[in-house]
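In full-length UniProt numbering, the protein residues as written are 1 to 313.
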């Protein structure tokens, strides 16, 4: 009898153990069913085209004939193209001038709003609005009217007896108007800066005030060091977005990159090669060059961050 009782005890323990295994490793079929649309989109709309463009970058393919393997000829042609290097120069100026000025303006307004004022939610919404509209076709068309020969800017200058140029149509000023448009879309980084400022303990400022530190000293000794992770986050994102800017240059220049290729962004030249010249092989090589450049800048920023980004831990 005792042996029969032991066998029953062992059987119950095994059944209990199998239940625990089922709880530890639950059935994931339902989760996979819900993830299936996303997985199909990832494979069919993201990973698939990426792999296809990598292959096409090594082919001679112009949509009128099947792709023919050509090796590195697209890259050699690209690096020997003066128009290609001009688009790189224009894009670099746009990124290295527009992004720092945009972040500086966003940080300044975030500090102003962080001090507290009536109608804070209203001002925050108004300042965020340009980020929602800045990349739209409508705002780009409006920008042509603002900086045109008879636009609002020249109308304002006329009050002081100044005859302003056609900013959009002048090679020396056209790129500058697009940089101003980029700076104007400061709303998104401003909101992120504002959230970061709210996380800095007030006791640090109180202690600094008791020690006689002024506002400027408090900014460089407290605000900036503790805000560096947020600054780094905004910097990486805005550099990536700036490299991919397209709509503003396309609409303002009428799709030509003019005048005299002064607004020929890299993405605009890529678009023209792909959908105007129908040279998909060359355009694919350009897209992979852009990917490598963005990845290199991102990796460099992460490497450099260890020298100036401060984390609490």
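Positions of the beta carbon are idealized from the N, C-alpha and C atoms, including for glycine.
Three-state secondary structure (DSSP) at residue 300?
Here the question's residue 300 lines up with position 300 in the chain shown. Three-state result, residue 300: helix.
Taking 8 Å as the threshold (C-beta atoms), are residue 164 and residue 148 in contact?
Start at 1 with the first residue of the chain shown, and residue 148 comes out as number 148. Start at 1 with the first residue of the chain shown, and residue 164 comes out as number 164. Pairing residue 148 with residue 164 gives a Cβ-Cβ distance that is not under 8 Å.
Buried or exposed for residue 46, going by 16 or more other Cβ atoms inside 10 Å?
Counting from one through the chain shown, the residue named residue 46 turns up at place 46. Under a 10 Å Cβ-count criterion, residue 46 is classified as exposed, with fewer than 16 other Cβ atoms of the shown protein chains found around its own Cβ.
What is the DSSP secondary structure of residue 223, counted as helix, strand or coil?
As a working note, residue 223 is residue 223 in the chain shown. The answer is helix: DSSP assigns residue 223 an H, G or I state.
According to DSSP, is residue 68 helix, strand or coil?
The residue you call residue 68 lines up with position 68 of the chain shown. Residue 68 falls in the strand class under three-state DSSP.
Using the three-state DSSP reduction, which class does residue 189 fall into: helix, strand or coil?
Locating residue 189 in the chain shown gives position 189, where the first residue counts as 1. Three-state result, residue 189: helix.
Could you say which of 50, 69 and 175 lies nearest to residue 59 if we only look at CA atoms?
Locating residue 59 in the chain shown gives position 59, where the first residue counts as 1. Scanning 50, 69 and 175 for the CA closest to the CA of residue 59 turns up 69.
One question on the structure: do residue 248 and residue 181 come within less than 8 Å of each other, judged by their Cβ atoms?
Walking along the chain shown from the start, residue 248 turns up at place 248. Walking along the chain shown from the start, residue 181 turns up at place 181. At the C-beta level, residue 248 and residue 181 come within 8 Å of one another.
Please return the same chain residues whose Cβ sits closer than 7 Å to the Cβ of residue 153, not counting the five positions on each side in sequence.
Within the chain shown, numbered from 1, the residue matching residue 153 stands at position 153. So the list reads 146, 147, 164 and 167, once near-sequence residues are dropped.
Please say whether residue 226 and residue 310 have beta carbons closer to each other than 8 Å?
Within the chain shown, residue 310 is the residue found at index 310, counting from 1. Within the chain shown, residue 226 is the residue found at index 226, counting from 1. In this structure, residue 226 lies closer than 8 Å to residue 310 by Cβ.
Measuring straight from C-alpha to C-alpha, what distance separates residue 343 and residue 185?
Because the chain is modelled from 1 through 313, residue 343 falls outside the range shown and cannot be assessed.
DSSP three-state label for residue 228, please.
In the chain shown, residue 228 corresponds to position 228, counting from 1. If DSSP states are grouped into helix, strand and coil, residue 228 belongs with the helices.
Member of 110, 258, 277 and 222 whose CA lies at the smallest distance from the CA of residue 172:
Stepping through the chain shown from its first residue, residue 172 is reached at position 172. Out of 110, 258, 277 and 222, 258 has the C-alpha closest to the C-alpha of residue 172.
From residue 246 to residue 137, what does the alpha carbon distance come to, in whole angstroms?
Residue mapping note: residue 246 aligns to position 246 of the chain shown, counting from 1. Residue mapping note: residue 137 aligns to position 137 of the chain shown, counting from 1. About 10 Å.
So, with DSSP's three-state summary, where would you put residue 81?
The sequence position of residue 81 within the chain shown is 81, counting from 1. When secondary structure is reduced to three states using DSSP, residue 81 falls in the coil class, being assigned neither helix nor strand.
Tell me whether residue 256 sits in a helix, a strand or coil according to DSSP, three-state version.
The sequence position of residue 256 within the chain shown is 256, counting from 1. Note: residue 256 maps to coil in three-state DSSP.
Name, in chain order, the residues that DSSP records as bridge partners for residue 60.
Here residue 60 refers to the residue found at position 60 when the chain shown is read from its first residue. DSSP links residue 60 through a beta bridge to 68.
What does a CB cutoff of less than 8 Å around residue 234 pick up in its chain, not counting 5 residues either side in sequence?
On the chain shown, position 234 is the one that residue 234 refers to. Excluding sequence neighbours, residue 234 sits near 103, 106, 189, 192 and 193.
Of the choices 205, 142, 210 and 244, whose alpha-carbon is the least far from that of residue 252?
For the purposes of this step, residue 252 is identified with residue 252 of the chain shown, where counting begins at 1. Selected option, being the one with the closest Cα: 142.
With distance defined between alpha-carbon atoms, name the residue in 268, 155 and 187 nearest to residue 130.
As a position in the chain shown, residue 130 is number 130, starting the count at 1. It is 187.
Does DSSP put residue 265 in a helix, a strand or coil?
Position 265 of the chain shown, counted from the start, is the residue given in the question as residue 265. Correct three-state label for residue 265: coil.
Quick one: is residue 281 buried, meaning 16 or more other Cβ sit within 10 Å of its Cβ, or exposed?
Reading the chain shown from its first residue, position 281 is the one you call residue 281. Residue 281 comes out buried.
Exposed or buried, residue 20, counting other C-beta atoms within 10 Å across all chains shown (16 or more means buried)?
For the purposes of this step, residue 20 is taken as the residue at position 20 of the chain shown. Since pLDDT at residue 20 reaches only 49, below the 50 mark, its modelled position is unreliable, and no value is offered.
Check whether residue 236 and residue 179 have beta carbons under 8 Å apart
As a first step, residue 236 must be located in the chain shown, where it is residue number 236. As a first step, residue 179 must be located in the chain shown, where it is residue number 179. At the C-beta level, residue 236 and residue 179 stay beyond 8 Å of one another.
Between which residues of its own chain and residue 230 is the CB-CB distance below 8 Å, once the five residues before and five after are set aside?
Translated into the one-based positions of the chain shown, residue 230 becomes position 230. Around residue 230: 192, 193, 195 and 196.
Among 75, 72 and 55, which one has its Cα closest to the Cα of residue 66?
Counted from its first residue, the chain shown places residue 66 at position 66. Looking at the Cα atoms, 55 is the closest of the given residues.
Nearest by alpha-carbon distance to residue 290: which of 90, 266, 301 and 174 is it?
Reading the chain shown from its first residue, position 290 is the one you call residue 290. Ranking the options by Cα distance to residue 290, first place goes to 266.
With H, G and I counted as helix, E and B as strand and the rest as coil, what does DSSP make of residue 182?
In the chain shown, counting from the first residue as 1, residue 182 sits at position 182. DSSP places residue 182 in helix when its eight states are reduced to three.
Is it true that the CB of residue 75 sits closer than 8 Å to the CB of residue 285?
Looking up residue 285 in the chain shown gives position 285. Looking up residue 75 in the chain shown gives position 75. At the C-beta level, residue 285 and residue 75 come within 8 Å of one another.
Reference residue 86, options 270, 288, 296 and 275, closest by Cα
In the chain shown, residue 86 corresponds to position 86, counting from 1. Taking the Cα of residue 86 as reference, the smallest distance to any Cα among 270, 288, 296 and 275 is reached at 270.
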